[in-house]
Amino acid sequence: MALVVNDLPAAIRQAKKELRERLPNYRQVFAEVEEAIVAEANRIAELRGRGESVIPEIQFSDIASQRVPQSQIDLVRARGACVIRNVFDRSLAESWDREIAEYVERNDLDKRLENRAEDKYFGQLASSKPQIYGIYWSKPQVMARQAESLTTSRVFLNRLWKSESEGRVHFDPDHVPVYADRLRRRPPGSESLGLSAHCDGGSVERWIEGNFHKVYRHVFDGNWRQYDPFDAAYRTEVEEIPSPAVCSMFRTFQGWTALTPQGPGDGTLQLVPIANSMVYILLRALQDDVAEDDLCGAMPGRALSIKQEYHAPLFKALSSIPEMNAGDTVFWHSDVIHAVEDEHKGTGYSNVMYIGSLPGCSKNDEYLRRQLPSFLDGTSPPDFAPDNFETDFIGRATADDLTPLGKSQMGFGL
């Protein structure tokens, strides 16, 4: 379902009124939250300052053999993110990178980019121009999505969530549907302003839509310490305001797979590794210094921007991910704040395939039914700007390239 809001300022005013009535001591509760978030952000900054990694790192071999220690699982849940090493053999990922380069060059993508559709999703961010290509159906992307190793990794991630609560089963963690996403190909020396800090998966909806209220029920009731970012209750039922590049599937984790070596300074990913930072964001917008028809600058159909003006403590924890090799992956919880470094100061391309982790549920099945014709026709998927670059691309993946697992994940037979 899509959320339609005809008078957004009025909807925001009404939502704030109702949420403050529900939580009359919102100032006091926010003060408690701020104290806890400041302490955690300072701790992360201190660890980072000592040269310690603040993003948990896991070897894929430990996932495959079920040897990941509970302490590491607890840390991933606390940080809301992790790097999984060696999901793919480095030589395979490097060959995929070369194949993608040949694919876009053979089909004259650069010329077509001059007429691309504008999705405006990142339009409210101070930095909003990453080198992201509207390519979805190259053979390497399709091969990676259906790979057994990446599927095993994403099942592990899905199982970090509480898939059953409130007396209901919310999703099947062992089924990993495909959400076809794009590519990033960032050349060395680029100063394209990256992406400033933001969250995906809903902006103003988090305050004005009823099922989002249920997702964050403990926060809005003032029992914020009981809030579990990994409790899936009601998350598969939320309704987003439709817009190109707003994800309308439920992702347990966003993620990407490295096709080239990259690390801090290479125009790569940054995270605020605090899984429950959404508590701070939600309650910050209810405070008295924010205009009654404003939610700290949140805009419909856009990424939820995180601003120094309102969210300064969170920026202390903003950390670049560690050095990545081709074949490594990184994943972050769907509510985790992330950004992309403005400048690529490295010497080689910083290339990735965006591949998130999703579970089986009715919300995701509904999207698969709409996405499958896009795959078969080579058009842009439903959530994205309708560039439709690949309809006549030579070398595009087809149904013949899918394994039985790939066909199941793509939604054949639904």
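Residue numbering for the sequence shown follows the UniProt record's numbering, beginning at 1 and increasing consecutively. Each residue gets a CB set at the ideal place from its N, CA and C atoms; glycine is no exception.
- Taking each of G51, Q146 and V33 in turn and checking the Cα distance to H218, the smallest one comes out for V33.
- For E57, the enclosing beta strand (DSSP E) has its first and last residue at E57 to Q59.
- With fewer than 16 other Cβ atoms from the protein chains shown falling within 10 Å of its own Cβ, D89 counts as exposed.
- Taking all protein chains shown into account, L113 has fewer than 16 neighbouring C-beta atoms within 10 Å of its C-beta and is therefore exposed.
- Between H311 and I281, the alpha-carbon positions lie close to 7 Å from each other.
- Here E292 is exposed: its Cβ has fewer than 16 other Cβ atoms, across all protein chains shown, within 10 Å.
- Membership of A339 in the beta strand (DSSP E) is indicated by the continuous run H338 to V340.
- Separation of D221 and E237 (C-alpha to C-alpha, rounded to the nearest whole angstrom) is 20 Å.
- Inter-residue distance for M143 and A81 is about 24 Å (C-alpha atoms, whole angstroms).
- Distances from the CA of A385 to each of D7, S71, W96 and I132 were compared; the closest alpha carbon is that of I132.
- Cβ-Cβ distances below 6 Å link A326 to R90, A93, E94, A258, L259 and T260 in the same chain, with the five nearest sequence neighbours on each side left out; the list follows chain order.
- For V290, no alpha helix (DSSP H) encloses it, and the DSSP letter there is neither H nor E.
- Under the three-state reduction of DSSP output, G49 falls in the helix class.
- In this structure, the CA atom of P264 is about 31 Å from the CA atom of S380.
- Within the model, the alpha-carbon separation for P56 versus V83 is close to 6 Å.
- By the beta-carbon neighbour count (other beta carbons within 10 angstroms, threshold 16), P313 is buried.
- DSSP, read as helix, strand or coil, puts V38 in helix.
- R235 is a Cβ neighbour of F250, given a cutoff of 9 Å.
- For G167, the number of other beta carbons within 10 angstroms of its own is below 16, and it is reported as exposed.
- Taking 4 residues as the minimum length, the alpha helix (DSSP H) runs contained wholly in the region 187 to 243 are 205 to 208, 210 to 215 and 217 to 220, in order along the chain.
- I394 counts as exposed, since fewer than 16 other beta carbons sit within 10 angstroms of its beta carbon.
- From the listed residues A275, R98 and L304, the smallest Cα separation to H198 is found for L304.
- One alpha carbon belongs to N158, the other to R67, and they sit about 17 Å apart.
- Secondary structure within the region 319 to 362: not one fully enclosed alpha helix (DSSP H) run of 4 or more consecutive residues is present.
- DSSP places E164 in the strand class (E or B) of the three-state scheme.
- Non-local beta-carbon contacts of M324 in its own chain, meaning distances under 8 Å to residues more than five positions away in sequence, involve V83, A258, P261, Q262, G263, T268 and V330 in chain order.
- Annotation for E209: L3, V238 and E239 place their beta carbon closer than 7 Å to its own, counting only its chain and skipping 5 residues before and after.
- At least 9 Å separates the beta-carbon of Q287 from that of L318.
- For I84, no alpha helix (DSSP H) encloses it; the enclosing beta strand (DSSP E) starts and ends at A81 to R85.
- Residue environment: E102 is assigned as exposed (fewer than 16 neighbouring CB atoms within 10 Å of its CB, all protein chains considered).
- In the structure shown, the three-state DSSP call for I73 is helix.
- Within the same chain, S163 come within 8 Å of V169 by CB-CB distance, once the 5 residues on both sides are set aside.
- Within the same chain, Cβ atoms closer than 7 Å to the Cβ of F389 are found at L109, R112, G134 and I135, the five residues on either side in sequence being excluded.
- Leaving aside the five residues that flank V5 on each side, the residues in its chain whose CB is nearer than 6 Å to its CB run, in chain order, A11.
- V169 sits in a strand when the DSSP states are folded into three classes.
- Secondary structure of I63 (DSSP, three-state): helix.
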